[in-house]
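Student:
Residue numbers (UniProt numbering): 1 to 396.
(1) Runs of 4 residues minimum, wholly inside the UniProt domain "Glycosyl transferase family 1" (208-360): which ones carry the alpha helix (DSSP H) assignment?
(2) When you compare only the Cα positions, how much space is there between residue 379 and residue 304?
(3) Using alpha carbons as the reference points, say which of 192, 291, 107 lies closest to residue 226.
(4) Residues in the same chain with beta-carbon distance under 7 Å from residue 127, minus the five sequence neighbours each way, listed in chain order, please.
(5) Please say whether residue 220 and residue 253 have beta carbons closer to each other than 7 Å?
(6) What are the boundary residues of the beta strand (DSSP E) that includes residue 17?
(7) Report back the beta-carbon spacing between residue 288 and residue 347 to the nearest angstrom; my notes put them in contact at under 8 Å.
(8) Would you report the Cα separation of residue 205 and residue 106, rounded to the nearest angstrom?
(9) Give me whichever residues DSSP pairs with residue 155 in a beta bridge.
(10) Classify residue 2 as helix, strand or coil using the three-state DSSP reduction.
(11) Please confirm if residue 26 has its CB atom under 7 Å from at least one CB of chain D.
(12) Look at the alpha carbon of residue 190 and the alpha carbon of residue 32, and state the distance between them as a whole number of angstroms.
(13) Quick test of your reading: residue 89 and residue 72, contact by CB under 8 Å. State the CB separation rounded to the nearest angstrom.
(14) For residue 295, I'd like the list of residues in its chain whose CB is within less than 6 Å of its CB, leaving aside the five on either flank, ordered along the chain.
(15) Just to confirm my understanding: we take residue 192, look at its own chain, exclude 5 residues before and 5 after, and list those with CB closer than 6 Å. What are they?
(16) Which residues in the same chain have their Cβ closer than 7 Å to the Cβ of residue 332, if we skip the five residues on either side of it in sequence?
(17) May I ask you to verify whether the stretch 352-368 touches the stretch 176-184, counting CB pairs closer than 8 Å and requiring at least 3?
(18) If we ignore side chains and look at the alpha-carbon of each, how far apart do residue 115 and residue 394 end up?
(19) Could you check how far apart the C-beta atoms of residue 274 and residue 248 are, in whole angstroms? I think they sit under 8 Å.
(20) Among residues of its own chain, excluding the 5 on either side of residue 83, which ones have a beta-carbon nearer than 8 Å to its beta-carbon?
(21) Would you kindly check if the distance between the Cβ of residue 17 and the Cβ of residue 39 is under 7 Å?
(22) Using DSSP with H/G/I as helix, E/B as strand and the rest coil, what is residue 190?
(23) On the DSSP bridge list, what partners appear for residue 68?
(24) Measure the CB-CB distance between residue 310 and residue 357 and report whether it falls below 7 Å.
(25) Would you identify the three-state DSSP class for residue 184, choosing helix, strand or coil?
(26) Distance check for residue 232 and residue 336, CA to CA, integer angstroms please.
(27) From residue 302 to residue 215, what distance separates their C-alpha atoms?
(28) Please tell me whether residue 201 and residue 323 are closer than 7 Å, where the distance is taken between their beta carbons.
(29) In the structure shown, what three-state DSSP assignment does residue 391 receive?
(30) Between residue 265 and residue 244, what straight-line distance do the alpha-carbon atoms span, to the nearest angstrom?
(31) Looking only at its chain, what residues have a beta carbon closer than 6 Å to the beta carbon of residue 23, apart from the 5 residues adjacent to it on each side?
(32) Mind checking residue 120: buried by the 16 CB within 10 Å criterion, or exposed?
(33) From the DSSP secondary-structure annotation, give me the bridge partner or partners of residue 103.
(34) Just the Cα atoms here: how many angstroms apart are residue 140 and residue 56?
(35) Which whole-angstrom value is the C-beta distance of residue 37 and residue 376, which I expect to be below 8 Å?
(36) Going straight from the alpha carbon of residue 262 to that of residue 229, what length do you get?
Written as C-alpha cells, this is what we have:
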C-alpha cells in the first residue's frame with residue numbers, strides 16, 4: 001500500500017503486527033474490536049501480520065487472508081503465561097515477520113522492544129473504581145497501564161472522554177494520543193426479523209412477554225445493582241411488569257446478589273449467561289428497553305450495538321456515552337431513583353420508544369470499522385515517523 005506524502009512524494013505503508021493473543025475465547029468487547037479492526041484494515045489494503053493464540057490461528061487466517069498469521073506457544077489462554085511471553089516472545093515474532101510497527105490492542109506492552117508501538121487503552125475506570133475482590137489484578141492493571149502510557153510511541157483512545165481521562169489521571173501527553181472510535185458491523189448487529197425476536201424470547205422462556213435487556217459483565221462500574229433496584233421501582237406497581245434479563249458473564253459485583261434478594265416475588269429476573277452471537281440482534285431488538293446505566297466506560301460498545309439493532313436504549317451521561325448515543329438514546333442518572341423514573345416513563349410512552357429506536361439505528365450507521373481503520377492507520381504512520389525522528393535525533 002502506497003501513501004502520498006505532504007510534499008507530493010510517496011511512501012510505502014508500514015507492516016503492522018497486531019498482537020491478538022489477549023483476545024479471550026468468548027470474544028467479548030476486545031474480540032469484537034480486534035476482529036472488526038482487522039477486517040477493515042485488510043479491506044483497505046494494509047500490510048498486516050497477526051500473532052494470536054493457537055486456537056485462533058484458523059479464524060484469523062480466514063478474516064485476513066494473505067496476512068502473516070503466527071500462532072504463539074501453547075498456554076497463552078492463561079493470563080500469567082501470556083504476560084510473560086509478551087515480554088520475551090513477542091519481540092522475536094515482531095522481528096521474524098519484519099514488522100515496522102507493533103499494535104497492542106490492550107493495556108500491556110513489552111518493555112524492551114526496538115520498534116515503534118501503538119497501544120490502545122480502552123479505559124482507565126479501574127483508577128476510579130478498583131475491583132475490591134481482586135486487589136492484585138487492580139494493582140497490576142493500573143501499573144501496566146501507567147507503563148504503557150509512558151513507554152508507547154503513541155496511544156489510541158476509543159473516545160474523546162477516554163483521551164481526556166488519560167491526560168487527567170495518568171498525565172499522558174495529549175499530542176501523543178489518537179482518538180479512534182469503534183465501529184459496528186451492521187450486518188451482524190441489524191434490526192431483527194420477527195422470527196429472530198421470537199427465537200430469543202422463546203429460548204429465554206418469555207414467549208413474547210416484554211423484558212428489559214442488559215448485556216455485559218458484572219463489574220461495579222456497570223451499575224447492575226442500581227439497575228435492578230431501579231427496575232423494581234418502575235415495575236413493582238405494574239400488574240404485568242416486564243422481566244429483567246441480565247445477560248453476559250464475567251466480572252464480579254457482590255452487590256448484585258444483595259440487590260436480587262430484594263426483588264419481589266411477583267417480578268421476574270433472568271440470568272441466561274452468555275448468549276450466542278447470532279441471537280444478539282433478536283435480544284437487543286426485541287427488548288422493550290435496553291438498559292445500560294454504566295458509571296464508567298471507555299467507549300460503550302454494547303450501547304452502539306443495541307442502537308444498531310434498532311433498540312430504544314437507556315444509558316447515562318457518564319464518560320463517552322453521550323459521544324456514542326447523541327440525541328438517539330434516553331439518559332438517566334445512575335442512581336436507583338433516576339433509573340426507575342426513566343424506565344417508568346419509557347414503559348408508558350411507546351411512541352417515544354419507537355422514535356428512539358429509529359434514531360438509534362440511524363446514528364449507529366455513523367460508526368464504521370472502516371473509519372476506525374483509517375484513524376488507526378494514521379496513528380501507525382505517526383508512530384513510525386515519530387520513532388524515526390527520535391532515532392535520528394539520537395545519532396546527532
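Using N, Cα and C, we set each Cβ at its ideal position, and we do this for glycine too. Please read all numbers here as calculations on a predicted model, not as lab measurements.
Tutor: According to the data block:
(1) Correct list: 224-235, 254-260, 280-285, 301-308, 321-325, 336-347.
(2) Position 379 of the chain shown holds residue 379. Position 304 of the chain shown holds residue 304. Rounded to the nearest whole angstrom, the C-alpha separation of residue 379 and residue 304 is 23 Å.
(3) To locate residue 226, count along the chain shown from 1; it is residue 226. Considering only alpha carbons, the answer is 291.
(4) For the purposes of this step, residue 127 is taken as the residue at position 127 of the chain shown. Excluding residues within five positions, the ones whose Cβ falls inside 7 Å are 142, 169.
(5) Residue 253 sits at position 253 when you count from the first residue of the chain shown. Residue 220 sits at position 220 when you count from the first residue of the chain shown. Yes, these two residues count as a Cβ contact at 7 Å.
(6) For the purposes of this step, residue 17 is taken as the residue at position 17 of the chain shown. Note, residue 17: beta strand (DSSP E), 15-19.
(7) Counting from 1 along the chain shown, the entry for residue 288 is found at position 288. Counting from 1 along the chain shown, the entry for residue 347 is found at position 347. Contact flag correct, Cβ pair sits at about 7 Å.
(8) Here residue 205 corresponds to residue number 205 of the chain shown, with the count starting at 1. Here residue 106 corresponds to residue number 106 of the chain shown, with the count starting at 1. The alpha-carbon atoms of residue 205 and residue 106 are separated by roughly 37 Å.
(9) Here the question's residue 155 lines up with position 155 in the chain shown. Partner(s): 119, 177.
(10) Locating residue 2 in the chain shown gives position 2, counting from the first residue. In this prediction, residue 2 has a pLDDT of 47, which is less than 50 and means its spatial position is unreliable; what the coordinates show is noted afterwards. In this structure, residue 2 counts as strand in the three-state DSSP scheme.
(11) The structure shown contains no chain D; it holds only a single protein chain.
(12) Residue numbering aside, residue 190 sits at position 190 when the chain shown is read from its first letter. Residue numbering aside, residue 32 sits at position 32 when the chain shown is read from its first letter. Computed Cα separation, rounded: 15 Å.
(13) Numbered from its first residue, the chain shown carries residue 89 at position 89. Numbered from its first residue, the chain shown carries residue 72 at position 72. Yes, they are in contact, since the Cβ atoms of residue 89 and residue 72 sit about 7 Å apart, within 8 Å.
(14) Reading the chain shown from its first residue, position 295 is the one you call residue 295. Non-local beta-carbon contacts of residue 295 in its own chain, meaning distances under 6 Å to residues more than five positions away in sequence, involve 221, 223, 318, 334 in chain order.
(15) For the purposes of this step, residue 192 is taken as the residue at position 192 of the chain shown. The beta carbon of residue 192 is closer than 6 Å to those of 281, 282, 285 in its chain, skipping five residues each way along the sequence.
(16) Taking the first residue of the chain shown as position 1, residue 332 is located at position 332. 293, 314, 316, 338, 339, 342.
(17) Contact holds: three or more Cβ-Cβ distances are below 8 Å.
(18) Translated into positions along the chain shown, residue 115 becomes position 115. Translated into positions along the chain shown, residue 394 becomes position 394. Here the alpha carbon of residue 115 sits roughly 15 Å from the alpha carbon of residue 394.
(19) One-based indexing of the chain shown puts residue 274 at position 274. One-based indexing of the chain shown puts residue 248 at position 248. About 7 Å; that satisfies the 8 Å criterion.
(20) As a position in the chain shown, residue 83 is number 83, starting the count at 1. Excluding the 5 residues flanking it on each side, residue 83 has same chain C-beta neighbours closer than 8 Å at 108, in chain order.
(21) The residue given as residue 39 occupies position 39 in the chain shown. The residue given as residue 17 occupies position 17 in the chain shown. In this structure, residue 17 does not lie closer than 7 Å to residue 39 by Cβ.
(22) Within the chain shown, numbered from 1, the residue matching residue 190 stands at position 190. Residue 190: coil per DSSP, three-state reduction.
(23) Here residue 68 refers to the residue found at position 68 of the chain shown. Residue pairing by DSSP places residue 68 opposite 49 in a beta bridge.
(24) For the purposes of this step, residue 310 is taken as the residue at position 310 of the chain shown. For the purposes of this step, residue 357 is taken as the residue at position 357 of the chain shown. Between residue 310 and residue 357, the C-beta spacing is below 7 Å.
(25) For this step, residue 184 is matched to residue 184 along the chain shown. Residue state, collapsed to three classes: coil.
(26) Translated into the one-based positions of the chain shown, residue 336 becomes position 336. Translated into the one-based positions of the chain shown, residue 232 becomes position 232. If you take the alpha carbons of residue 336 and residue 232, they lie about 9 Å apart.
(27) If you number the chain shown from 1, residue 302 lands on position 302. If you number the chain shown from 1, residue 215 lands on position 215. So the alpha carbons of these two residues sit roughly 7 Å apart.
(28) In the chain shown, counting from the first residue as 1, residue 201 sits at position 201. In the chain shown, counting from the first residue as 1, residue 323 sits at position 323. Between residue 201 and residue 323, the C-beta spacing is not below 7 Å.
(29) Residue numbering aside, residue 391 sits at position 391 when the chain shown is read from its first letter. Residue 391 carries a helical assignment under DSSP once its states are collapsed to helix, strand and coil.
(30) Sequence index remark: in the chain shown, residue 265 carries index 265 (1-based). Sequence index remark: in the chain shown, residue 244 carries index 244 (1-based). If you take the alpha carbons of residue 265 and residue 244, they lie about 13 Å apart.
(31) In the chain shown, residue 23 corresponds to position 23, counting from 1. Taking residue 23 as the centre and dropping the five residues before and after it, the same chain places the C-beta of 30, 31, 34 closer than 6 Å to its C-beta, in chain order.
(32) Working through the chain shown from its first residue, we reach residue 120 at position 120. Buried is the call here.
(33) Translated into positions along the chain shown, residue 103 becomes position 103. 18, 118.
(34) Counting from one through the chain shown, the residue named residue 140 turns up at place 140. Counting from one through the chain shown, the residue named residue 56 turns up at place 56. Rounded to whole angstroms, residue 140 to residue 56 spans 26 Å at the Cα level.
(35) In the chain shown, counting from the first residue as 1, residue 37 sits at position 37. In the chain shown, counting from the first residue as 1, residue 376 sits at position 376. At roughly 6 Å, the Cβ-Cβ gap stays under 8 Å, so residue 37 and residue 376 are in contact.
(36) Along the chain shown, read from residue 1 onward, the residue named residue 262 stands at position 262. Along the chain shown, read from residue 1 onward, the residue named residue 229 stands at position 229. Taken atom to atom, the span from the alpha-carbon of residue 262 to that of residue 229 is near 8 Å.
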